[in-house]
Amino acid sequence: MNTDTPTFAICDLFTSVQGEGGMMGRPFVFVRFWGCPLSCPWCDEPRHRNPAFRRILSLAECIHALEHQTPGLNNILLTGGEPLAAPHLATLVNRLKERGKWVAMETSGVGGNIPENLDWITLSPKTPLPHFPVHRASEIKFVLGDEADAEQENWIQWWMSRHDTIWLQPRWQGANFPATAAHRCLRKVLASGGRLRLSLQIHKWLGIP
Ligand code: SF4
Numbered sequence: 006m007n008t009d010t011p012t013f014a015i016c017d018l019f020t021s022v023q024g025e026g027g028m029m030g031r032p033f034v035f036v037r038f039w040g041c042p043l044s045c046p047w048c049d050e051p052r053h054r055n056p057a058f059r060r061i062l063s064l065a066e067c068i069h070a071l072e073h074q075t076p077g078l079n080n081i082l083l084t085g086g087e088p089l090a091a092p093h094l095a096t097l098v099n100r101l102k103e104r105g106k107w108v109a110m111e112t113s114g115v116g117g118n119i120p121e122n123l124d125w126i127t128l129s130p131k132t133p134l135p136h137f138p139v140h141r142a143s144e145i146k147f148v149l150g151d152e153a154d155a156e157q158e159n160w161i162q163w164w165m166s167r168h169d170t171i172w173l174q175p176r177w178q179g180a181n182f183p184a185t186a187a188h189r190c191l192r193k194v195l196a197s198g199g200r201l202r203l204s205l206q207i208h209k210w211l212g213i214p
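Spelled out as structure tokens, the structure:
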């Protein structure tokens, strides 16, 4: 491998349907980046921290893998871990756009600059993001646990005053449907005057990645 070429730390590459938010039901080739600058205690993607799953791909290898994963499927979803933490993310997005791909990204908003030509950005704040360019987010998604969280409530209110598309999603822990968190989300959605939406992660119901 030429060490001058951009490289990417990847932990998963697979085809599935998006199970949540506004792209629910749409098929994508998912690329899950290894590593994340945050350490959420409830993180349900442990492979992105496990060195055993860290694969380094060159830009060309990454493009090749994405193009050959499911030939003809042009939707690509960059997720993690944290895609923004990949140093050459903008280069990868540019190459994918040159090849006619429709490129979405899921991010916590922490880790680096947002590439210019993404088609869809799902922002899932885990921290206050006072300087995040609000207009770049296609949708906002908050993941709620069983218990009320005053700090998170403040972020939700902050984003509700700035963005029209905000999803609340219960936090799964293991394979069991998180009924308490789901009803907490549902109560807030029903009381929101139509401002909030409920996301239930259909891929988890289907038992697919
Ligand atoms: S931001 Fe997402 S990937 Fe990173 S630690 Fe938190 S839940 Fe896990």
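If you read the sequence shown in our numbering, its first letter stands for residue 6, the second for the next number, and so on.
Ideal placement from N, C-alpha and C gives every residue a C-beta, glycine not left out.
Flag Lys131 as yes when its Cβ comes closer than 6 Å to any non-hydrogen atom of the ligand SF4, and as no otherwise.
-> Taking the first residue of the sequence shown as position 1, residue 131 is located at position 126. True, at least one ligand heavy atom lies under 6 Å from that Cβ.
Have a look at Thr20, Ala70, Arg37 and flag the residue whose alpha-carbon is nearest the alpha-carbon of Val31.
-> Mapped onto the sequence shown, residue 31 falls at position 26. Checking the displayed sequence, the identity of residue 31 turns out to be Arg instead of Val. For the residues Thr20, Ala70, Arg37, the minimum Cα distance to Arg31 belongs to Thr20.
Taking 6 Å as the line, does the beta carbon of Glu111 fall inside it for any heavy atom of the ligand SF4?
-> Numbered from 1 along the sequence shown, position 106 holds the residue referred to as residue 111. Result no, Cβ not under 6 Å from the ligand SF4.
DSSP-derived helix/strand/coil call for Glu156 | Against the sequence shown, residue 156 aligns to sequence position 151. Reduced to three states, the DSSP call for Glu156 is helix.
Among Ala57, Pro46, Ala90, Arg104, the one whose alpha carbon lies nearest that of Ile68 = For this step, residue 68 is matched to residue 63 along the sequence shown. Looking at the Cα atoms, Arg104 is the closest of the given residues.
Going by the CB atoms, is the gap between Trp39 and Gly86 shorter than 7 Å?
-> Translated into the one-based positions of the sequence shown, residue 86 becomes position 81. Translated into the one-based positions of the sequence shown, residue 39 becomes position 34. Cβ atoms of Gly86 and Trp39: closer than 7 Å.
Relative to the ligand SF4, is the shortest distance from any of its heavy atoms to the C-beta of Glu25 smaller than 6 Å?
-> Counting from 1 along the sequence shown, the entry for residue 25 is found at position 20. Not so, every heavy atom of the ligand SF4 lies at least 6 Å from the Cβ.
Can you grab the Cα-Cα spacing for the pair Asp154 / Ala65, in whole Å?
-> Taking the sequence shown and counting its residues from 1, one reaches residue 154 at position 149. Taking the sequence shown and counting its residues from 1, one reaches residue 65 at position 60. Each residue's alpha carbon lies about 44 Å from the other.
Examine the ligand SF4 and report whether any of its heavy atoms sits within less than 6 Å of the Cβ of Gly85.
-> Along the sequence shown, read from residue 1 onward, the residue named residue 85 stands at position 80. Yes, the beta carbon of Gly85 sits closer than 6 Å to at least one heavy atom of the ligand SF4.
Is Cys45 near the ligand SF4, in the sense that its beta carbon is under 6 Å from a heavy atom of that ligand?
-> On the sequence shown, residue 45 is found 40 positions in, with the first residue counted as 1. Yes, the ligand SF4 has a heavy atom inside 6 Å of this Cβ.
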